[in-house]
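Scroll down for the structure; my scribbles are underneath it.
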Amino acid sequence: MRFHTRKWVKPEDLNPNQTLFGGQLLAWIDEEAALYTIIQLENSKIVTKYISEINFMSSAKQGDIIEIGIEVIKFGKSSLTLKSEVRNKMTRETILTVDNIIMVNLGEDGKPKPHGKTEIEFVKDRLEE
Ligand SMILES: CCCCCCCCCCCCCCCC(=O)SCCNC(=O)CCNC(=O)[C@H](O)C(C)(C)COP(=O)(O)OP(=O)(O)OC[C@H]1O[C@@H](n2cnc3c(N)ncnc32)[C@H](O)[C@@H]1OP(=O)(O)O
1 MRFHTRKWVK PEDLNPNQTL FGGQLLAWID EEAALYTIIQ LENSKIVTKY ISEINFMSSA
61 KQGDIIEIGI EVIKFGKSSL TLKSEVRNKM TRETILTVDN IIMVNLGEDG KPKPHGKTEI
121 EFVKDRLEE
């Protein structure tokens, strides 16, 4: 799994227990999954269709640096299935895992559209072509 993005846990990200609010963490993961999908599928018109099996394994507190990892499970016809792990940057302790995040590629009409991709691509390789 590649860990692309780091976040700093700030006071506004906390729940009443003074640990990282789960909803904030899910919003960060959704954004990360959306950006990853836009880059892979080369289309900014994508949506999150389905998120499964979210396991909050440990908490994070104010001042912690966390990192968000994304891995591709499967390229479908119009979909891209991802998984995610969030961990503490300094201790590597796992904070959360998400087993399946299904993102769907849309056409201009807002309906699922085949993306034609079958494997991970790197922007630097596209630029060399
Ligand atoms: C210049 C710079 C530009 C940068 C620019 C930045 C912009 C940065 C903003 C980006 C923004 C991103 C967005 C953020 C993420 C949201 O927050 S998105 C908002 C929340 N999500 C939604 O509103 C989606 C609402 N749902 C829908 O509109 C429809 O359900 C959908 C997604 C169009 C799908 O319609 P559908 O009839 O279910 O489609 P269907 O053909 O049955 O399935 C399509 C695919 O999904 C799969 N699927 C459907 N249901 C399931 C399921 N339950 N389980 C598993 N797979 C499923 C199917 O297997 C199929 O896969 P493929 O076989 O084609 O690979």
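Under full-length UniProt numbering, think of the first position of the sequence shown as 1, with each following residue one higher.
Note that the Cβ used here is the ideal one computed from N, Cα and C, for glycine as well.
Just so we're clear, the structure is a prediction, and the values are computed from it rather than from any experiment.
Can you give me the Cβ contacts of threonine 40 inside the same chain, cut-off strictly under 8 Å, excluding the 5 residues immediately before and after it? Per the sequence presented here, residue 40 reads as glutamine, with threonine not at that position. Counting only Cβ-Cβ distances below 8 Å, and skipping sequence neighbours, we find Val72, Leu80, Lys117, Ile120, Glu121.
What residue range does the alpha helix (DSSP H) around leucine 35 cover? In this chain, the alpha helix (DSSP H) harbouring leucine 35 covers 22-41.
Between the alpha carbons of lysine 61 and glutamate 93, how many angstroms are there, rounded? C-alpha separation (whole angstroms): 13 Å.
Bridge partners - asparagine 105, DSSP secondary structure assignment: Answer is Ile46, bridged to asparagine 105.
When DSSP labels each residue in this structure, what does glutamate 67 get in the three-state scheme? Residue state, collapsed to three classes: strand.
Member of Leu14, Lys124, Ser78, Ser84 whose CA lies at the smallest distance from the CA of lysine 111: When only C-alpha atoms are compared, the closest one is Ser78.
When the Cα of arginine 2 is compared with those of Glu67, Asp125, Val9, Glu42, which residue comes out closest? Out of Glu67, Asp125, Val9, Glu42, Glu67 has the C-alpha closest to the C-alpha of arginine 2.
Which residues in the same chain have their Cβ closer than 7 Å to the Cβ of isoleucine 65, if we skip the five residues on either side of it in sequence? Correct list, in chain order: Arg6, Trp8, Lys89, Met90.
Secondary structure at lysine 7, three-state DSSP: helix, strand or coil? If DSSP states are grouped into helix, strand and coil, lysine 7 belongs with the strands.
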